[in-house]
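Novice: Residue numbers (the working numbering): 47 to 132. One structure, as structure tokens, below. Some questions next.
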């Protein structure tokens, strides 16, 4: 992510000072495509996920596991299963 300060300096260098895209990219240490996109945004655009985060492998079984653990509170220690066994 680039600093907000760059989003004001790069367009100024490009349009007011007349620096080329390649020159501005070299001076600021950015890729040319980023220098092209910067005038479109006044602040850095936030990251947007392309797809929603995946649920964990145990996501489908969470309710069952929680119920088993609640039931185990009533059972003597020697009769309980291990975490691997659950």
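Using N, Cα and C, we set each Cβ at its ideal position, and we do this for glycine too. What you are looking at is a predicted structure, and each value in this text was computed from that prediction instead of being measured.
Compute the beta-carbon to beta-carbon distance between residue 67 and residue 78, rounded to the nearest angstrom, for a pair I have assumed lies under 8 Å.
Specialist: With 8 Å as the limit, residue 67 and residue 78 qualify as a contact, their Cβ atoms being about 5 Å apart.
Novice: Skipping 5 residues on each side, what residues in its chain have a beta carbon closer than 8 Å to that of residue 53?
Specialist: Result list for residue 53: 84, 87, 88, 89, 90, in chain order.
Novice: For residue 97, which of helix, strand or coil comes out of DSSP?
Specialist: The answer is coil: DSSP assigns residue 97 none of H, G, I, E or B.
Novice: If you draw a straight line from the C-alpha of residue 64 to the C-alpha of residue 97, how long is it?
Specialist: So the two alpha carbons sit approximately 40 Å from each other.
Novice: Who are the Cβ neighbours of residue 123 in its own chain at under 7 Å, not counting the five residues just before and after it?
Specialist: The answer is none, since no qualifying residue turns up.
Novice: At what residue ranges does the segment 51 to 93 contain a whole run of the alpha helix (DSSP H), taking only runs of 4 or more?
Specialist: Qualifying alpha helix (DSSP H) stretches, in chain order: 52 to 61, 67 to 74, 78 to 83.
Novice: In the structure shown, what three-state DSSP assignment does residue 123 receive?
Specialist: If DSSP states are grouped into helix, strand and coil, residue 123 belongs with the helices.
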